[in-house]
Amino acid sequence: MLKIKKVAVVGTGVIGIGWIIRFLAHNKIVYAYDKNLKQKKILIDEIKRALPYVKKLFNKKKINLNNLKFFLSLEEAVKDADFIQECAPENYNLKTVLMREISKRCKKNVLISSSSSGLLPSKIFSKCKNIQRGIIGHPFNPVYLLPLVEIVPGKKTSKKSLKIANKFYKSISMNPIVLKKELPGYLSDRLQEALWREALHIINDGYATTEDLDRAIEDGPGLRYSLMGTFLTFHLAGGKAGMKHMLEQFGPTLKLPWTKLKAPKLSKKLSERLISGTKKQAKGKSINQLSNIRDEYLVNLQLFRKKYENKIRK
Ligand SMILES: NC(=O)c1ccc[n+]([C@@H]2O[C@H](COP(=O)([O-])OP(=O)(O)OC[C@H]3O[C@@H](n4cnc5c(N)ncnc54)[C@H](O)[C@@H]3O)[C@@H](O)[C@H]2O)c1
Numbered sequence: 008m009l010k011i012k013k014v015a016v017v018g019t020g021v022i023g024i025g026w027i028i029r030f031l032a033h034n035k036i037v038y039a040y041d042k043n044l045k046q047k048k049i050l051i052d053e054i055k056r057a058l059p060y061v062k063k064l065f066n067k068k069k070i071n072l073n074n075l076k077f078f079l080s081l082e083e084a085v086k087d088a089d090f091i092q093e094c095a096p097e098n099y100n101l102k103t104v105l106m107r108e109i110s111k112r113c114k115k116n117v118l119i120s121s122s123s124s125g126l127l128p129s130k131i132f133s134k135c136k137n138i139q140r141g142i143i144g145h146p147f148n149p150v151y152l153l154p155l156v157e158i159v160p161g162k163k164t165s166k167k168s169l170k171i172a173n174k175f176y177k178s179i180s181m182n183p184i185v186l187k188k189e190l191p192g193y194l195s196d197r198l199q200e201a202l203w204r205e206a207l208h209i210i211n212d213g214y215a216t217t218e219d220l221d222r223a224i225e226d227g228p229g230l231r232y233s234l235m236g237t238f239l240t241f242h243l244a245g246g247k248a249g250m251k252h253m254l255e256q257f258g259p260t261l262k263l264p265w266t267k268l269k270a271p272k273l274s275k276k277l278s279e280r281l282i283s284g285t286k287k288q289a290k291g292k293s294i295n296q297l298s299n300i301r302d303e304y305l306v307n308l309q310l311f312r313k314k315y316e317n318k319i320r321k
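For what it's worth, the numbering used here labels the leading residue of the sequence shown as 8, then goes sequentially.
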């Protein structure tokens, strides 16, 4: 495998910044590109805010911020990179054109990974030069703390590209899942989206507030989810007979109208309920204040979880 030392990040919004922080924490030289110069200040401020949490999680004394270069030219950012992480807005046309432009300007064998949340790689990379190097590397926010990355191949992605991406992401302290083939929404967002759709229906129909629904996750399933996913959790819900009894007991509820799944219309009234509901939940705390609370929690949770994670997975 080519040594990956220099990484280009294309698009420096929420996710691009997250990747940049993770790459810097793992001693990479980072070439960042955004169309919008305003992002540079946001990027620097966010790095400063997140640095203490990243240092603690990865047990680092110092992170060299001189390894970061910001460009307003795509060509300058990608031409010398050993790996490219694309983080531009979620839009088929935009990403398809961007991938073509990146692939024309970067070295011909470097991997191009898209952070897309659910678009099909075969479409995004359809105009990419050397299409076999195009993959999805879908992370989770905050990227500098959460280890999951879904690696999704398109129809023309080579096995070699998947292998390189898997090895590279592991080298920056991530736990990749390599999907067998592409599907819309991949794995995790498909699950999240189902939860989100049901939550929107419940709010829309006036049964609960955004705070009630958040509590319904935070104080119950959410506490378990950081250790066990749906299947292992339900295995334990079946008593001594495990999943077998769980299916006998709860199998029939699959036929009851517990879920709607087709999303409701995102009307003005529904949007207003979501915006005012979450504003109320924030109790005057800014996004930065909430991010600090979340980051401190996620660092401590992961340090704590290591011991239990090993017991479950090994
Ligand atoms: N926000 C999340 O929780 C999340 C999680 C995982 C994956 N993603 C995915 O990451 C990608 C980026 O999402 P985000 O939330 O960071 O969006 P964002 O809106 O915060 O940032 C997008 C950035 O891209 C820049 N941009 C716009 N056009 C560009 C172009 N042609 N070339 C380069 N940069 C351009 C914008 O100036 C902006 O800084 C999307 O594909 C999204 O689906 C988002």
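Where is the CB? At the ideal position from N, CA and C, for every residue including glycine.
Query raised in the report: Is any heavy atom of ligand 1 found at a distance shorter than 7 angstroms from the C-beta of K302?
Result: The sequence shown places Asp at residue 302, rather than the Lys named in the question. No, the Cβ of D302 stays beyond 7 angstroms of every heavy atom of ligand 1.
**Report entry** Coarse secondary structure for N307, derived from DSSP in three states
**Finding:** Helix at N307.
Report task. Take Y60 as the anchor and find which of I28, D302, K318 has the nearest alpha-carbon. Result -> D302
Requested in this report: Could you pull the start and end residues of the alpha helix (DSSP H) that I119 belongs to?
Outcome: Careful: I119 lies outside any alpha helix (DSSP H), inside the beta strand (DSSP E) at 118–121.
Query raised in the report: Should H145 be counted as a contact of ligand 1 given a C-beta to heavy atom distance under 7 angstroms?
Result: For H145, the Cβ falls inside the 7 angstroms cut-off from some heavy atom of ligand 1.
Query raised in the report: With 16 as the cutoff for other CB atoms within 10 Å, does F365 come out buried or exposed?
Result: This structure gives no information on residue 365, because the portion of the chain shown stretches from 8 to 321.
Requested in this report: Check whether the Cβ of T19 lies closer than 7 angstroms to any heavy atom of ligand 1, and answer yes or no.
Outcome: Flag set: Cβ of T19 near ligand 1.
Query - Sub-8 angstroms separation of I171 and L118 beta-carbons - result: yes
Query raised in the report: At a cut-off of 7 angstroms, is K286 close to ligand 1 when judged by its beta-carbon and the heavy atoms of the ligand?
Result: no
Query raised in the report: Thinking C-beta only, is G141 closer than 8 angstroms to I158?
Result: Their beta carbons are not under 8 angstroms apart, which means I158 does not touch G141 by this criterion.
**Report entry** Reference N74; option with closest CA among K136, L220, H33
**Finding:** H33
Report task. Determine the contact status of P128 and W26, defining contact as a CB-CB distance below 8 angstroms. Result -> no
Requested in this report: Indicate whether the contact test is met: 3 or more Cβ pairs, each with one atom in the segment 161–175 and one in the segment 203–216, closer than 8 angstroms.
Outcome: no
Requested in this report: Quick one: using the 10 Å Cβ neighbour count with 16 as the cut-off for buried, is I324 buried or exposed?
Outcome: The structure shown does not extend to residue 324, since the chain is modelled only from 8 through 321, so no value can be given for it.
Query raised in the report: Relative to the alpha-carbon of N299, which residue among Q309, S180, P96, P149 has its alpha-carbon at the smallest distance?
Result: When the alpha-carbon of N299 is set against those of Q309, S180, P96, P149, the nearest one is in P149.
**Report entry** beta-carbon A101 near ligand 1 non-hydrogen atom, thresh 7 angstroms
**Finding:** Note that residue 101 is Leu in the sequence shown, not Ala. Yes; taking the cut-off as 7 angstroms, the Cβ of L101 has a heavy atom of ligand 1 nearer than that.
Query raised in the report: What are the start and end residues of the alpha helix (DSSP H) that includes K251?
Result: 250–257
Query - Inter-residue Cα distance where the pair is K267 and G192 - result: 18 angstroms
Query raised in the report: How many angstroms separate the CA atom of S233 from the CA atom of G20?
Result: 26 angstroms
Query raised in the report: Relative to the alpha-carbon of K68, which residue among L31, K287, V104 has its alpha-carbon at the smallest distance?
Result: L31
Query raised in the report: So is S274 in contact with chain D if we call contact Cβ pairs under 8 angstroms?
Result: The structure shown contains no chain D; it is built from a single protein chain.
Query raised in the report: Going along the chain, which unbroken runs of the alpha helix (DSSP H) with 4 or more residues stay wholly within the segment 116–159?
Result: 128–131
Report task. Any chance you could list the beta strand (DSSP E) runs of at least 3 consecutive residues sitting entirely within the segment 88–117, in chain order? Result -> 90–93
Query raised in the report: At a cut-off of 7 angstroms, is I27 close to ligand 1 when judged by its beta-carbon and the heavy atoms of the ligand?
Result: no
Report task. Tell me whether L105 is buried or exposed, calling it buried when 16 or more other Cβ atoms sit within 10 Å of its Cβ. Result -> buried
Query raised in the report: Is A95 near ligand 1, in the sense that its beta carbon is under 7 angstroms from a heavy atom of that ligand?
Result: Yes, Cβ of A95 sits closer than 7 angstroms to a heavy atom of ligand 1.
Query raised in the report: What separation, rounded to the nearest whole angstrom, lies between the Cα atoms of K86 and L72?
Result: 21 angstroms
Query raised in the report: Among all the DSSP beta bridges, which residues are the ones paired with A39?
Result: V16, F77
Query - Buried versus exposed call for Q46 [16 or more other C-beta atoms within 10 Å across all chains shown] - result: buried
Query - Nearest-angstrom Cα separation, counted from T217 out to L281 - result: 7 angstroms
Requested in this report: Please find out if some non-hydrogen atom of ligand 1 comes closer than 7 angstroms to the beta-carbon of N71.
Outcome: no
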